[in-house]
Each structure stands twice: as structure tokens, then as C-alpha cells.
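Visitor: The numbers in the working numbering rise by one with no breaks, and the one at position 53 of the sequence shown is 447. Pasting in a structure now, in C-alpha cells, and then I'll have a few things to ask.
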Amino acid sequence: MEPFIKRLCSRLNCMEAIEEWLPEANHTVNYWLEIIVGFRDEEYIERFEVVILTEDSVRHFNLKRTPPKRCLVVRGEYEWSKVVSLIQNVLDSCPNDDHLEFCEAVGTHFKWDDWAVSKKYVKSDGSNKTA
């Protein structure tokens, strides 16, 4: 089982693709990103959502020393390639031998203490399968 980024999308601006979006200023970066993870040789996907911030926006929105849960903080100037790289680094750092262990590791990484691992997998066609 090898996790990979299948799709990234955001509700930031429905009129343009998120990978082409440029912020007005680095301190204004603050949006939800849906990460759809696929697994090589498997038909199941997982959906995760995180908030994308920059170091400047953490300071601007007065988030003190610790950004809120479910956040990915881009260091330096905002670039889409940095966002993708950060997400892939998180996926690569999680165990990938077991689907549930992978999901729990992603949840732990983003401090999702209110996130419970479901025993229900979602197939890429939208149907469900119970483990």
C-alpha cells in the first residue's frame, strides 16, 4: 500500500484552480484544503482537510506560538509547490503497511484528537465497504 496525493481542492475560490491561486499578500494565506489520498494497487481513497497558513499569516491572525489543529504552515513565501511538498512529506512519514494505521498516523500528525478512525472505507467510485 503506497499512499499518494490523488487530488487537492479548496473552497477558497471556485473561479480558479487552487494551484494557480496567488495571495494578495503572504500574511493573507488562510484556507481549507481537501486532500484526497489514493493508495497504489487499491481502489480506496481517504479524504482529509487541513488549513493552509504561512508563517506570516500565523502572526497576522495572532495564532501565538502554536497554530490551530489541522494546519499546515508554509515557511517563507507562499508557493503551491511548497504546499504539495509538505503534504507529500506528511504522507511519506506515515506507516503505509496498513490502511487504518496510516489514517491514525495522519490524524496524530495534525493533532486530530477528535478524529476517530472509521472502519468504513470509501471506494473511489463513492461506494462504501466496511472493514
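Idealized CB from N, CA, C, for every residue including glycine.
Give the secondary structure of residue 403 by DSSP, where H, G and I count as helix, E and B as strand, and everything else as coil.
Guide: Reduced to three states, the DSSP call for residue 403 is strand.
Visitor: Name the two residues that bound the continuous beta strand (DSSP E) containing residue 426.
Guide: First-last of the beta strand (DSSP E) with residue 426: 424 to 433.
Visitor: May I have the straight-line CA-CA distance separating residue 443 from residue 404, to the nearest angstrom?
Guide: So the two alpha carbons sit approximately 9 angstroms from each other.
Visitor: Shortest alpha-carbon distance to residue 399 belongs to which of 485, 476, 491, 473?
Guide: Residue 399 has its Cα closest to that of 485, out of 485, 476, 491, 473.
Visitor: What is the rounded straight-line gap between the Cα of residue 359 and the Cα of residue 464?
Guide: Residue coverage of the chain in this structure runs from 395 to 525, which leaves residue 359 outside it and unanswerable.
Visitor: If you draw a straight line from the alpha carbon of residue 401 to that of residue 414, how long is it in whole angstroms?
Guide: Straight-line Cα distance between these residues: approximately 14 angstroms.
Visitor: Check whether the Cβ atoms of residue 478 and residue 447 lie closer than 8 angstroms to each other.
Guide: No, the pair does not count as a contact, with Cβ atoms beyond the cut-off.
Visitor: Kindly indicate the opening and closing residues of the alpha helix (DSSP H) around residue 412.
Guide: That residue, residue 412, is in no alpha helix (DSSP H); it is neither H nor E in DSSP.
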